[in-house]
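Trainee:
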Amino acid sequence: MSIHDRSPNPPAWWPENEPWPPRGPQGWRQWRTHNRPRRFFWRFGCGLIFFLSLIFGSCTIFTWLIITTANALNSPDGIPQLPIVFMLALLILMSSAGVFVIGRSLHRATQPIEEMMDAADHVAQGDYTARVTEHGPRDVRHLAHAFNSMSERLQLNDEQRRRLLADISHELRTPLTVLQGNLEGMLDGIYQPDAVRLESLVEETRVMSRLIDDLRTLADADSGTLKLQRESTDLGLLINEVIASFRGQAQSGGVNLSVEAASDLPLIEIDPARIRQVLTNLIANALRYTTNSGAVRVGCVSKGQAIEVTVSDTGRGIAASDLPHIFDRYTKSSDSRGSGLGLAIAKDLIEAHGGTIAAQSELNRGTTITFTLPAA
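Residue numbers for the sequence shown follow our numbering, so the first one is 1 and each next one is one higher.
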């Protein structure tokens, strides 16, 4: 896909933090950057024309000297032959040097491109480890650097995708195994279908349902078909409903789950199902990483033309090196037990509403996720 494609949805390889479509140049420096390929071919063409003109001119002068020498030798007056011979030798030397410079320049310009073509074939076949040496003219070096950056990004995305598939398989297999084992035990008479056991099975189905909803939302966001069904919603009431669905899990884990929502919150135009999904992901994450006797608090206040929601926990926190990347797609810390999709999906949904989301965290002190939604 060309970078000049004006499709409303960026391609899958386009960086998440860069605008699409790409903005036009805003000055001389931007013009130089955006027109780098044109400048390269323009300079290469001018150089080629110069060297061809040099050879053509040298041949013309060489021919003229030969004719002049022949006429002078036939002239009765005659002229000294030594200067003529010297000029011919100098002309031949200059022509040879021009041909050498042209050949060397073409070799320097084409060799890196040949390497990139070979490496591009490897990338096309799925080998994202292909790299090229950054040498040659300046613009060719820039092209090689861009190719290496592209290959590195493709390799990273491929590794993250493979890890994601493995994590999702594990996340789905665990509740399925629990469901299958308990149901088979009930059929064999080993377990009694009492309320406690059935409630645990229902909780496993909720885990699977959340993961499937996350995958569907991710697919919609990637394809550009994510749509919002906006309606006037009491955000405070919605938060309390989500909190109620986690009461049992919080109590069984010994975690104090509380909510503080202002009583004067205005109705806002949002998609309640999508915001419910955001809250579910954030609260589920907070409970997952909060130990016994810990606390998870959800707050909601009105701030000017926006409503701010915070989900805070007293869990183990996030390392400073991981914090800038927690909203990146397919990215999660090495000790994460989830699929790594929840925060990326929350970011997509909040930004689709025109809001913002951010995180603050300290190791062993807890994490606070804050998102805002426009109130008007």
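We put the beta carbon where it would ideally sit given N, CA and C, even for glycine.
Since we're looking at a predicted model, the values are computed, not measured.
Taking the alpha-carbon positions, what's the HIS142 to ILE113 distance?
Mentor: Near 12 Å, if we compare the C-alpha coordinates of ILE113 and HIS142.
Trainee: For ASP213 versus LEU341, is the C-beta distance shorter than 7 Å?
Mentor: Not a contact, by the Cβ cut-off of 7 Å.
Trainee: Helix or strand or just coil, what does DSSP make of ALA375?
Mentor: Correct three-state label for ALA375: coil.
Trainee: Considering Cα atoms alone, identify which of ILE270, ALA166, ARG161, VAL132 is closest to MET150.
Mentor: Comparing Cα positions, the closest option is VAL132.
Trainee: By Cβ distance, which residues of its chain are closer than 7 Å to TYR128, with the 5 residues on each side in sequence left out?
Mentor: Result list for TYR128: SER151, LEU154, GLN155, ASP158, in chain order.
Trainee: Put GLY366 into one of helix, strand or coil per three-state DSSP.
Mentor: Strand at GLY366.
Trainee: For LEU218, count neighbouring C-beta atoms within 10 Å of its own C-beta (all shown protein chains included) and say buried if the count is 16 or more, exposed if not.
Mentor: It is buried - the Cβ of LEU218 has at least 16 other Cβ atoms within 10 Å.
Trainee: Report yes if the C-beta distance between ALA358 and THR370 is below 7 Å; otherwise report no.
Mentor: Cβ distance < 7 Å, so ALA358 and THR370 count as in contact.
Trainee: Taking the alpha carbon of ALA244 as the reference point, which residue from LEU179, ALA195, VAL259 has its own alpha carbon closest?
Mentor: The shortest Cα separation from ALA244 among LEU179, ALA195, VAL259 belongs to VAL259.
Trainee: Enumerate in chain order the residues of its own chain whose CB-to-CB distance from THR233 is below 7 Å, with the five nearest sequence positions on each side excluded.
Mentor: Counting only Cβ-Cβ distances below 7 Å, and skipping sequence neighbours, we find LEU267, ILE268, ILE270, PRO272.
Trainee: Output needed for VAL242: all residues of its chain with C-beta closer than 7 Å, excluding positions within five of it in sequence on either side, in chain order.
Mentor: Counting only Cβ-Cβ distances below 7 Å, and skipping sequence neighbours, we find ARG276, LEU279, THR280, ILE283.
Trainee: In terms of residues, what are the limits of the alpha helix (DSSP H) holding SER252?
Mentor: That run of the alpha helix (DSSP H) goes 247-252.
Trainee: Name the one or two DSSP bridge partners that LEU228 has.
Mentor: According to DSSP, which records beta bridges pairwise, LEU228 is partnered with nothing at all.
Trainee: Tell me which same chain residues have a C-beta within less than 7 Å of the C-beta of ARG197, skipping the five on either side of it?
Mentor: Answer for ARG197: ASN182, TYR191, listed in chain order.
Trainee: Could you please give the first and the last residue of the uninterrupted alpha helix (DSSP H) stretch that includes SER151?
Mentor: Note, SER151: alpha helix (DSSP H), 138-187.
Trainee: Let me know if ALA261 comes out buried or exposed under the rule of 16 or more other beta-carbons within 10 Å of its beta-carbon.
Mentor: That one is buried.
Trainee: If I follow the unbroken beta strand (DSSP E) through ALA320, where does it start and stop?
Mentor: It is not in any beta strand (DSSP E) - ALA320 carries neither H nor E in the DSSP assignment.
Trainee: Going by DSSP, name the residue or residues bridged to VAL259.
Mentor: The partner list for VAL259 (beta bridge, DSSP) reads VAL298.
Trainee: Residue range of the alpha helix (DSSP H) that SER293 falls in?
Mentor: From DSSP, SER293 is part of no alpha helix (DSSP H); its letter is neither H nor E.
Trainee: Using 10 angstroms around the beta-carbon of ILE3, count the other beta-carbons present and answer buried if the total reaches 16, otherwise exposed.
Mentor: Note on ILE3: pLDDT 39, under 50, position unreliable in the model; the coordinate value appears next. Exposed, since its Cβ has fewer than 16 Cβ neighbours within 10 Å.
Trainee: Check for me: the alpha helix (DSSP H) holding ILE268 runs from which residue to which?
Mentor: Careful: ILE268 lies outside any alpha helix (DSSP H), inside the beta strand (DSSP E) at 268-270.
Trainee: Would you identify the three-state DSSP class for THR314, choosing helix, strand or coil?
Mentor: THR314: coil per DSSP, three-state reduction.
Trainee: Tell me GLU308's beta-bridge partners as DSSP assigns them.
Mentor: Its beta-bridge partners are VAL301, THR372.
Trainee: For ALA144, count neighbouring Cβ atoms within 10 angstroms of its own Cβ and tell me buried if that reaches 16, exposed if not.
Mentor: Classification of ALA144: buried, given that the 10 Å Cβ count is 16 or more.
Trainee: May I ask which residues mark the beginning and end of the alpha helix (DSSP H) holding VAL132?
Mentor: Unbroken run through VAL132: none, as it is neither H nor E.
Trainee: Count the other C-beta atoms from every protein chain shown that fall within 10 angstroms of the C-beta of GLU184, then say buried if there are 16 or more, exposed otherwise.
Mentor: GLU184 should be labelled exposed.
Trainee: Determine the burial state of THR290: buried for a count of at least 16 other Cβ atoms within 10 Å of its Cβ, exposed for fewer.
Mentor: Buried is the call here.
Trainee: Could you tell me which residues DSSP pairs with ILE345 in its beta bridges?
Mentor: According to DSSP, ILE345 bridges with nothing at all.
Trainee: Can you tell me which residues form a DSSP beta bridge with ALA358?
Mentor: Partner(s): THR370.
Trainee: From VAL298 to PHE147, what distance separates their C-alpha atoms?
Mentor: Spanning the two alpha carbons is a distance of roughly 45 Å.
Trainee: Leaving aside the five residues before and after GLY236 along the sequence, list all residues of the same chain whose C-beta is less than 8 Å from its C-beta, in chain order.
Mentor: For GLY236, where only same-chain residues beyond five positions count, the Cβ hits under 8 Å are ALA261, ALA262, SER263, LEU265, CYS300.
Trainee: Taking the C-alpha atoms as reference points, what is the distance between VAL296 and GLY254?
Mentor: If I take the Cα positions, the gap works out to 11 Å.
Trainee: Quick check: what's the CA-CA separation for LEU373 versus THR356?
Mentor: Going from the Cα of LEU373 to the Cα of THR356 covers about 7 Å.
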